[in-house]
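Chemist: My structure is below; once you've seen it, I'll send some questions.
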Amino acid sequence: MFEVLHSLLFSTLDAAPALVFAALGAMLSERAGVVSVGVEGMMRTGAFFAAVAALVMPTPLAVLVGMGAGAGIAAVHGFLSIRWRSDQVVSGMALNLVAMAGGTFLLESLYGPNGTPAITQLSRWNLPGLSHVPLLGALSGHAAPTYLALTLPFVFHLLLTRTPLGLRLRAVGDKPHAVATLGLSVPALRWGAVLGGGLMAGLGGAVLSTAVLDRFEQHTPAGLGFMALAAMVFGRWTPLGAFAAALFFAFGNALRIGLASSAPWLLDLVPQGFLLALPYLLTLLVLALQGQRGHAPAALGTPYEQESR
Amino acid sequence: MSLEDASLDIVPGELLAVVGENGAGKSSLMNVLYGLYHPDSGTFRMDGKPVRFKSPRDAIAKGIGMVHQHFMLVPTLTVAENVVLGREPTKRGLLDLDRACDEVAATAKRFGFQLDPRARVDTLTVGSQQKVEIVKALHRGAQVLILDEPTAVLTPQESDELSQVMRGLVAQGRTVVLISHKLKEVLGVADRVAVMRRGRTVAEVRASETTVSELASLMVGEGTKGAALTGVPAVASETPEAAAGPVVLEAKDLRATGDNGRPALQGVSLTVRAGEIVGIAGVDGNGQRELAEVLTGLRKLEGGEGTLLGGPLAGLTPALAKARGVGHVPEDRLARAVVKAMTVEENVALGRHRQPPFARGPWIDFKGRRERTNQLLTAYDVRPPDPAVALQALSGGNQQKVVVARELDAAPKLLVVVQPTRGLDIGAVAQVHERLREARARGAGVVMVSLDLEEVLALSDRVYVLYEGRVTGHFPRKDLDERELGRRMLGAEGSHG
Numbered sequence: 001m002f003e004v005l006h007s008l009l010f011s012t013l014d015a016a017p018a019l020v021f022a023a024l025g026a027m028l029s030e031r032a033g034v035v036s037v038g039v040e041g042m043m044r045t046g047a048f049f050a051a052v053a054a055l056v057m058p059t060p061l062a063v064l065v066g067m068g069a070g071a072g073i074a075a076v077h078g079f080l081s082i083r084w085r086s087d088q089v090v091s092g093m094a095l096n097l098v099a100m101a102g103g104t105f106l107l108e109s110l111y112g113p114n115g116t117p118a119i120t121q122l123s124r125w126n127l128p129g130l131s132h133v134p135l136l137g138a139l140s141g142h143a144a145p146t147y148l149a150l151t152l153p154f155v156f157h158l159l160l161t162r163t164p165l166g167l168r169l170r171a172v173g174d175k176p177h178a179v180a181t182l183g184l185s186v187p188a189l190r191w192g193a194v195l196g197g198g199l200m201a202g203l204g205g206a207v208l209s210t211a212v213l214d215r216f217e218q219h220t221p222a223g224l225g226f227m228a229l230a231a232m233v234f235g236r237w238t239p240l241g242a243f244a245a246a247l248f249f250a251f252g253n254a255l256r257i258g259l260a261s262s263a264p265w266l267l268d269l270v271p272q273g274f275l276l277a278l279p280y281l282l283t284l285l286v287l288a289l290q291g292q293r294g295h296a297p298a299a300l301g302t303p304y305e306q307e308s309r
Numbered sequence: 001m002s003l004e005d006a007s008l009d010i011v012p013g014e015l016l017a018v019v020g021e022n023g024a025g026k027s028s029l030m031n032v033l034y035g036l037y038h039p040d041s042g043t044f045r046m047d048g049k050p051v052r053f054k055s056p057r058d059a060i061a062k063g064i065g066m067v068h069q070h071f072m073l074v075p076t077l078t079v080a081e082n083v084v085l086g087r088e089p090t091k092r093g094l095l096d097l098d099r100a101c102d103e104v105a106a107t108a109k110r111f112g113f114q115l116d117p118r119a120r121v122d123t124l125t126v127g128s129q130q131k132v133e134i135v136k137a138l139h140r141g142a143q144v145l146i147l148d149e150p151t152a153v154l155t156p157q158e159s160d161e162l163s164q165v166m167r168g169l170v171a172q173g174r175t176v177v178l179i180s181h182k183l184k185e186v187l188g189v190a191d192r193v194a195v196m197r198r199g200r201t202v203a204e205v206r207a208s209e210t211t212v213s214e215l216a217s218l219m220v221g222e223g224t225k226g227a228a229l230t231g232v233p234a235v236a237s238e239t240p241e242a243a244a245g246p247v248v249l250e251a252k253d254l255r256a257t258g259d260n261g262r263p264a265l266q267g268v269s270l271t272v273r274a275g276e277i278v279g280i281a282g283v284d285g286n287g288q289r290e291l292a293e294v295l296t297g298l299r300k301l302e303g304g305e306g307t308l309l310g311g312p313l314a315g316l317t318p319a320l321a322k323a324r325g326v327g328h329v330p331e332d333r334l335a336r337a338v339v340k341a342m343t344v345e346e347n348v349a350l351g352r353h354r355q356p357p358f359a360r361g362p363w364i365d366f367k368g369r370r371e372r373t374n375q376l377l378t379a380y381d382v383r384p385p386d387p388a389v390a391l392q393a394l395s396g397g398n399q400q401k402v403v404v405a406r407e408l409d410a411a412p413k414l415l416v417v418v419q420p421t422r423g424l425d426i427g428a429v430a431q432v433h434e435r436l437r438e439a440r441a442r443g444a445g446v447v448m449v450s451l452d453l454e455e456v457l458a459l460s461d462r463v464y465v466l467y468e469g470r471v472t473g474h475f476p477r478k479d480l481d482e483r484e485l486g487r488r489m490l491g492a493e494g495s496h497g
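Here the protein sequences come in this chain order: A and B. Residue numbers are given in the UniProt record's numbering: position 222 of the first sequence equals residue 222, and the series is strictly consecutive. Residue numbers are given in the UniProt record's numbering: position 297 of the second sequence equals residue 297, and the series is strictly consecutive.
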């Protein structure tokens, strides 16, 4: 029994970082009032460039490259939605499509349809004191992103609730005009949040190709970006809420893998496709139960326009 | 383009009022002064030296503070957070909220305001929110305080209090610029009055040397005269109460939920008879809007019962309301009354587009529609009187006239109007008021929700006061008293109940 639980926990912690980072990134952008449906595309971009970079440089550095790529494509979103005040949902979806098609094109023309060559994965750390403690032992043996994912939500929480910058970000997502009348720059705050969100989403993607897998695959991130959005909504746009929701979704993912391997007889009863769809169905269910978007920042998705004269 | 060749001298230590009609450029001028808008040409001098404000930051640095007509507060933050936003006290890089609260409490106290720095802004009354705005400016060291239409949403008591606050600031040597279109009020509090018209400053007079009617004619320009221009109607309501006819609306204990999910109506009872105008007074957000929506079938009734024009109020839909003879002039005409990209005649036909003269069988009756629209445009003095022009080409006042014309043309038995003259210029206000009186004379029952107490007092035969979704006052015309209405708007209960 412990063994099953242990392995479930272990694979939850392995799967969680990508979701946690992407959910935090999306939350950062949305708290400042910029819709972040493009997070899937940012993850894909980050995953691709991290894998490519890892072919020529140490993997930890490649992760940074992936983050930069995520921020780079987030800058396109920022340019469209902040500078040109276009529809943020459309801009985000366009980003996703570009990343989907562009990633496939680059992958197939450079490496073929089966993904990039294998890279060196981020190394896993054994926590000597913990590895033999029941259940807590599941904490040991993960790569660095897992431990980062367990701490960053608290850092974000502190940032949003206890720093001047956090106060301004919350204000700009709820009432940008109030921020502008105090002489603060609405575009600057939103740019910062969108780029920060891109870094985080890029990190989430990079984790997929450097820690979860050992290459960039055709379908990466396979909807994880949207799941991260769901985690953000389920977590009511708060860092700790999004964290908890991301862990929950990661657990659903672990459950799917766990069920398939520990109870093979299940596959005779339910089609495998159903098991594959389990995390996504879980996401839908959770969002349906949550109902309205009552906790979204008030100015979310509204381009800021200051009359010029 | 809303400003051309506007100039203004602001003298330290005085209370300057800037008056003008809606759209005369008062707010634009102040936003330029505050660095929010940038002028195409022209200069500013402060203490003799030319200054340029690139953003409000520069204006704030020069000691200018502004209280906007629509409050610039973040509703989800606390009073202290709103006040210190942008210049937050920190301790080791973290926000020092305790110090922020202490500082804000100190500033508030210094200027005689009662404010709880830890209260969330969206839990405060409008009057208190305004105090937060003023404290916000003073906390930044404002020497010149600009207030844009500060009394538009206040009760008379709150307005009095604000006047004292403004005089107090001036007594301390600060300068106050008050933007308003309420002339009586302006003359009571200002030292000097600047009049704006169509983007220009047309006059500057000492408040002690002018009158309401002189200011009014300066505001509208030469060639237009009359008592109607002061915003106070020439003819008070003349219909005696006894003339009111049969009951058109009888409602008991109405309950409904607002958009925010909180109860908006918590047991409202009211009666409306044919041939009377019933005013609904109250501070913004006390259930007036929801009441109007319930009466027009736009919001679900969740409790209570009522009879509206012979049918039950429960289960009312907009189509059903229309069929029974309810007319509706909503507050936000662009969202609810018209389609701005469609032509005037198409908008006139909206809602009645299946009936003659707008349709013949399944087809649009273009000729009939054109004729009826032309008649209405003439009768309601809509300019330009062109039925084929897109509605959005008309000024706000003329758009509103089209809406009123359409609703009254259907000969409603109950007319529900919300803020019927908000944002209109004086001429249009007078015309809309006249139309409402005509509807009453014709035997319609009129329910008029207005945040403008003057309007309520001028038109109503009876007034209900709403406070937090309950009726806190009910006054027949002879008992109408501005002070008492104001008290009830703030929640005081009284013998009239």
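For glycine and all other residues, C-beta sits at the position ideal for the given N, C-alpha and C. All of these numbers come straight from a predicted model, not from anything done at the bench.
1) Output the distance between the C-alpha atoms of Ala211 of chain A and Val39 of chain A, rounded to the nearest integer angstrom.
2) Does the separation of the CB atoms of Gln114 of chain B and Glu158 of chain B fall below 9 angstroms?
3) Measure the C-alpha to C-alpha separation of Gln419 of chain B and Thr257 of chain B and round it to an integer number of angstroms.
4) Whose C-beta lies closer than 7 angstroms to the C-beta of Arg336 of chain B among residues of the same chain, with five residues either side of it excluded?
5) Between Val456 of chain B and chain A, is there a C-beta pair that is closer than 9 angstroms?
6) Compute the Euclidean distance between the alpha carbons of Leu159 of chain A and Val177 of chain B, then round it to the nearest angstrom.
7) Do Leu394 of chain B and Pro387 of chain B count as a contact pair if the criterion is CB distance below 9 angstroms?
8) Determine whether the Cβ of Ala193 of chain A lies closer than 9 angstroms to any Cβ atom of chain B.
9) Listed in chain order, which residues of the region 166 to 194 of chain A have Cβ atoms closer than 8 angstroms to some Cβ of chain B?
10) Using DSSP's beta-bridge definition, name the partner residues of Ala251 of chain B.
11) Could you check whether the Cβ of Arg162 of chain A sits closer than 9 angstroms to any Cβ belonging to chain B?
12) Going by DSSP, what residue range makes up the beta strand (DSSP E) through Glu450 of chain B?
13) Apply the 10 Å Cβ neighbour rule to Val133 of chain A and answer buried if 16 or more other Cβ atoms are within range, or exposed otherwise.
14) Are the C-beta of Ile426 of chain B and some C-beta of chain D separated by less than 9 angstroms?
15) Which residues, in chain order, does the region 125 to 150 of chain B contribute to contact with chain A at a C-beta distance below 9 angstroms?
16) Classify Ile10 of chain B as helix, strand or coil using the three-state DSSP reduction.
17) Run through DSSP, which three-state label would Trp363 of chain B get?
18) Should His68 of chain B be flagged as near chain A, meaning a C-beta pair shorter than 9 angstroms?
19) Report the option in A:Ala178, A:His295, A:Leu106 and A:Leu148 whose CA atom is closest to the CA atom of Asn260 of chain B.
20) For a test of the three-state rule: what should DSSP assign to Tyr280 of chain A, helix, strand or coil?
21) Do His139 of chain B and Gly20 of chain B have their C-beta atoms closer together than 9 angstroms?
22) Residue range of the alpha helix (DSSP H) that Pro187 of chain A falls in?
23) Which first and last residues belong to the beta strand (DSSP E) in which Glu204 of chain B is found?
24) Since Thr120 of chain A and Ala54 of chain A are thought to touch, with beta carbons under 8 angstroms apart, how far apart are those beta carbons, to the nearest angstrom?
25) Phe44 of chain B by DSSP, collapsed to three states: which one?
26) Note down the Cα distance separating Ala59 of chain B from Gln431 of chain B, rounded to an integer number of angstroms.
27) Could you give the distance in angstroms between the alpha-carbon of Leu453 of chain B and the alpha-carbon of Val447 of chain B?
28) In terms of residues, what are the limits of the beta strand (DSSP E) holding Val283 of chain B?
29) Would you mind giving the Cβ-Cβ distance between Leu278 of chain A and Leu255 of chain A, rounded to the nearest angstrom? I have them listed as a contact below 8 angstroms.
30) Find out if the Cβ-Cβ distance for the pair Pro117 of chain B, Val104 of chain B is shorter than 9 angstroms.
31) Does the Cβ of Asp174 of chain A have 16 or more other Cβ atoms within 10 Å, making it buried, or fewer, making it exposed?
32) Which chain A residues sit within Cβ distance under 9 angstroms of Glu81 of chain B?
33) With 9 angstroms as the threshold, decide whether the Cβ of Arg57 of chain B is near any Cβ in chain A.
34) Return no unless some Cβ of chain A is closer than 9 angstroms to the Cβ of Gly223 of chain B.
35) Are the region 201 to 210 of chain A and the region 18 to 36 of chain A in contact at 8 angstroms, needing three or more beta carbon pairs?
36) Which residues bound the beta strand (DSSP E) around Val212 of chain A?
Modeler: This is what the structure holds:
1) The residue labelled residue 211 of chain A in the question sits at position 211 within the first sequence. The residue labelled residue 39 of chain A in the question sits at position 39 within the first sequence. Answer to the nearest angstrom: the Cα atoms are 19 angstroms apart.
2) Position 114 of the second sequence, counted from the start, is the residue given in the question as residue 114 of chain B. Position 158 of the second sequence, counted from the start, is the residue given in the question as residue 158 of chain B. Their beta carbons are not under 9 angstroms apart, which means Gln114 of chain B does not touch Glu158 of chain B by this criterion.
3) Taking the first residue of the second sequence as 1, we reach residue 419 of chain B at position 419. Taking the first residue of the second sequence as 1, we reach residue 257 of chain B at position 257. The alpha-carbon atoms of Gln419 of chain B and Thr257 of chain B are separated by roughly 21 angstroms.
4) Translated into the one-based positions of the second sequence, residue 336 of chain B becomes position 336. So the qualifying residues of the chain are Pro330.
5) Taking the first residue of the second sequence as position 1, residue 456 of chain B is located at position 456. So, not an interface residue.
6) Here residue 159 of chain A is taken as the residue at index 159 of the first sequence, counted from 1. Here residue 177 of chain B is taken as the residue at index 177 of the second sequence, counted from 1. Rounded to the nearest angstrom, the two C-alpha atoms are 39 angstroms apart.
7) Translated into the one-based positions of the second sequence, residue 387 of chain B becomes position 387. Translated into the one-based positions of the second sequence, residue 394 of chain B becomes position 394. No, the pair does not count as a contact, with Cβ atoms beyond the cut-off.
8) Within the first sequence, residue 193 of chain A is the residue found at index 193, counting from 1. Not closer than 9 angstroms to any Cβ of chain B, the Cβ of Ala193 of chain A fails to qualify, so no.
9) Of all residues in the region 166 to 194 of chain A, Gly166, Leu167, Arg168, Arg170, Ala171, Asp174, Lys175, His177, Ala178, Val179, Ala180, Thr181, Leu182, Gly183, Leu184 and Ser185 have a Cβ within less than 8 angstroms of some Cβ in chain B.
10) Looking up residue 251 of chain B in the second sequence gives position 251. According to DSSP, which records beta bridges pairwise, Ala251 of chain B is partnered with B:Leu270 and B:Gly306.
11) Here residue 162 of chain A is taken as the residue at index 162 of the first sequence, counted from 1. Cβ-Cβ to chain B under 9 angstroms: yes for Arg162 of chain A.
12) The residue you call residue 450 of chain B lines up with position 450 of the second sequence. Note that residue 450 of chain B corresponds to Ser in the displayed sequence, not to Glu. Per DSSP, Ser450 of chain B belongs to no beta strand (DSSP E) and is neither H nor E.
13) Taking the first sequence and counting its residues from 1, the one referred to as residue 133 of chain A is at position 133. In the assembly as shown, Val133 of chain A is an exposed residue. Its beta-carbon has fewer than 16 other beta-carbons within 10 Å.
14) No chain D appears in this structure, whose protein chains are A and B.
15) Only Lys136 and Arg140 from the region 125 to 150 of chain B bring a Cβ to less than 9 angstroms from some Cβ of chain A.
16) Along the second sequence, read from residue 1 onward, the residue named residue 10 of chain B stands at position 10. In the structure shown, Ile10 of chain B sits in coil (DSSP, three-state: anything other than H, G, I, E or B).
17) Counting from 1 along the second sequence, the entry for residue 363 of chain B is found at position 363. Note: Trp363 of chain B maps to strand in three-state DSSP.
18) Position 68 of the second sequence, counted from the start, is the residue given in the question as residue 68 of chain B. So, interface residue.
19) Here residue 260 of chain B corresponds to residue number 260 of the second sequence, with the count starting at 1. Among A:Ala178, A:His295, A:Leu106 and A:Leu148, the Cα nearest to that of Asn260 of chain B belongs to A:His295.
20) Taking the first residue of the first sequence as 1, we reach residue 280 of chain A at position 280. DSSP places Tyr280 of chain A in helix when its eight states are reduced to three.
21) For this step, residue 139 of chain B is matched to residue 139 along the second sequence. For this step, residue 20 of chain B is matched to residue 20 along the second sequence. The answer is no: Cβ separation not under 9 angstroms.
22) Walking along the first sequence from the start, residue 187 of chain A turns up at place 187. For Pro187 of chain A, the enclosing alpha helix (DSSP H) starts and ends at Val186 to Val207.
23) For the purposes of this step, residue 204 of chain B is taken as residue 204 along the second sequence, with counting starting at 1. In this chain, the beta strand (DSSP E) harbouring Glu204 of chain B covers Arg200 to Arg206.
24) Position 120 of the first sequence, counting from 1, holds the residue named residue 120 of chain A. Position 54 of the first sequence, counting from 1, holds the residue named residue 54 of chain A. Contact between Thr120 of chain A and Ala54 of chain A is confirmed by a C-beta separation of about 7 angstroms, below the 8 angstroms threshold.
25) To locate residue 44 of chain B, count along the second sequence from 1; it is residue 44. Three-state result, Phe44 of chain B: strand.
26) To locate residue 59 of chain B, count along the second sequence from 1; it is residue 59. To locate residue 431 of chain B, count along the second sequence from 1; it is residue 431. Between Ala59 of chain B and Gln431 of chain B, the alpha-carbon positions lie close to 40 angstroms from each other.
27) The sequence position of residue 453 of chain B within the second sequence is 453, counting from 1. The sequence position of residue 447 of chain B within the second sequence is 447, counting from 1. CA-to-CA, the gap between Leu453 of chain B and Val447 of chain B works out to about 15 angstroms.
28) Taking the second sequence and counting its residues from 1, the one referred to as residue 283 of chain B is at position 283. No beta strand (DSSP E) contains Val283 of chain B, which DSSP labels as neither H nor E.
29) On the first sequence, residue 278 of chain A is found 278 positions in, with the first residue counted as 1. On the first sequence, residue 255 of chain A is found 255 positions in, with the first residue counted as 1. Indeed they touch by this definition, with Cβ atoms about 7 angstroms apart.
30) Here residue 117 of chain B corresponds to residue number 117 of the second sequence, with the count starting at 1. Here residue 104 of chain B corresponds to residue number 104 of the second sequence, with the count starting at 1. Yes, these two residues count as a Cβ contact at 9 angstroms.
31) Looking up residue 174 of chain A in the first sequence gives position 174. Buried: at least 16 other Cβ atoms inside 10 Å.
32) On the second sequence, position 81 is the one that residue 81 of chain B refers to. At a beta-carbon threshold of 9 angstroms, the residues of chain A lying near Glu81 of chain B are Leu167, Arg170 and Ala171, ordered along the chain.
33) Sequence index remark: in the second sequence, residue 57 of chain B carries index 57 (1-based). Answer yes: the Cβ-Cβ gap between Arg57 of chain B and chain A drops below 9 angstroms somewhere.
34) Residue numbering aside, residue 223 of chain B sits at position 223 when the second sequence is read from its first letter. Confidence is the limiting factor: at Gly223 of chain B the pLDDT is only 49, short of 50, which leaves the residue's position unreliable, though a coordinate-based value still follows. Output row for Gly223 of chain B: interface = no.
35) Yes: the two stretches touch, three or more of their Cβ pairs being nearer than 8 angstroms.
36) For the purposes of this step, residue 212 of chain A is taken as residue 212 along the first sequence, with counting starting at 1. For Val212 of chain A, there is no enclosing beta strand (DSSP E), as DSSP marks it with neither H nor E.
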